[in-house]
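Reviewing the structure listed below.
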Amino acid sequence: MKQLSLDNLRTFVTVIDSGGYAKAGEILGRTQPAISLQIRNLEDKLGKKLFDKIGQRHQVNIEGRQLYQQARAMLAINDDIFRQFEQSSLRGRLRLGIPSEFATTLLPGIVGEFSKIYPDVALEVTSALSKSLLSDQKLPEFDLVMALVDPDKHSDGEVIRDDDLVWVGNRFQPISTDGLSLVLAPDGCVYRSRVINRLKQQTLQWRISYTNADLTGLTVAIQQGLGITALARASVPKELSILRSEHLPELGKIKICLFNQSRNHPQATGRLAEFIKARLG
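Mapping to the numbering used here: the sequence shown position 8 is 1147, numbers consecutive.
What follows is the structure, encoded as structure tokens:
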């Protein structure tokens, strides 16, 4: 039975994707004669020429284009098999830092799924304000940190979403124009700072009626009619509603960033980052 070499197929696909033998050699770490030999071996196996030589360039022909999609599919299956067994072998302890509101709304959908695929990876989660998670003292303690960053501030993290900062409350509780009651996290919270700065530019009277660092506590306070708050759109819990009113100022954007600190478990940390990005992207 005839069999194709996956190594030759990968070289063939790389030649087309990169635009030539020389570029493919740079990507694969092989000399141009070695690339030519692999293509020739593949052509001999198939009994078909895959490239036409035009001047000094090798142009893929109709037979080569027919093979290209099938070759990519075969390589994808091969790579998926290796990823499957690589995932099952991942083990260790991952330390994740995440803002409390995302721990409440995002983690429940991730932890179970992640643990099923990586049963030997223990996930240790710490919830805190972004400012605390990114402090010089705290940041080195984590493998992966998800944090909120003001859009006008430089960040070394990977921006996974530019989100809207929105007003959130109980849709059955009318917004008072006489005085706005606020339910906010403590000092250091990026939401709190943005809300206060924007309200100071308005004539609307306001006061902070309740303070709590935990989203669950804030949600209960809002449901009890103690006031409204602000959150990134991606973190709004289903129990609350986004509010729109001419009396409420626009709050602008916020960056949601990932900071990958892992040196001990880079593969597992990378997979966890992919899970988070897939949910928020």
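Beta carbons are placed, not taken as given, at the ideal position from N, Cα and C, and that holds for glycine.
No experiment lies behind these values; they were computed from the predicted model shown.
Among S1266, G1364, Q1400, whose alpha-carbon lies nearest the alpha-carbon of L1379? Per the Cα distances, G1364.
Determine whether the beta carbon atoms of V1260 and L1382 lie at a separation below 8 angstroms. Going by C-beta atoms, V1260 is not nearer than 8 angstroms to L1382.
Could you round the C-beta distance between F1190 and Q1198 to whole angstroms and report it? I think they count as a contact, below 8 angstroms. 6 angstroms
Go ahead and pull the three-state DSSP assignment for G1203. In the structure shown, G1203 sits in a helix (DSSP, three-state: H, G or I).
If I'm right that V1472 touches A1286 with Cβ under 8 angstroms, what's the distance once you round it to whole angstroms? Given a span of 1140 to 1420 for the chain in the structure shown, any question on residue 1472 remains unanswerable.
Apart from the five residues on each side of it in sequence, which residues of its chain come closer than 6 angstroms, Cβ to Cβ, to K1392? Apart from the 5 residues on each side of it in sequence, K1392 sits with its Cβ closer than 6 angstroms to the Cβ of P1290, D1301 in its chain, given in chain order.
Quick check: the Cα distance between A1270 and R1196, rounded to an integer number of angstroms? In the sequence as displayed, the identity of residue 1270 is Lys instead of Ala. K1270 and R1196 have their C-alpha atoms spaced approximately 55 angstroms apart.
Out of curiosity, what's the CA-to-CA distance linking P1247 and V1334? The alpha-carbon atoms of P1247 and V1334 are separated by roughly 28 angstroms.
Extract the residue ranges of the alpha helix (DSSP H) inside the stretch 1326-1367, only unbroken runs of 4 or more that lie entirely within it. 1329-1338, 1354-1362
Q1406 in three-state terms, based on DSSP: DSSP, read as helix, strand or coil, puts Q1406 in helix.
Do C1396 and M1297 come within 8 angstroms of each other at the CB atom, strictly closer than that value? Contrary to the premise, residue 1297 reads as Glu rather than Met in this sequence. Yes, Cβ-Cβ distance for E1297 and C1396 is below 8 angstroms.
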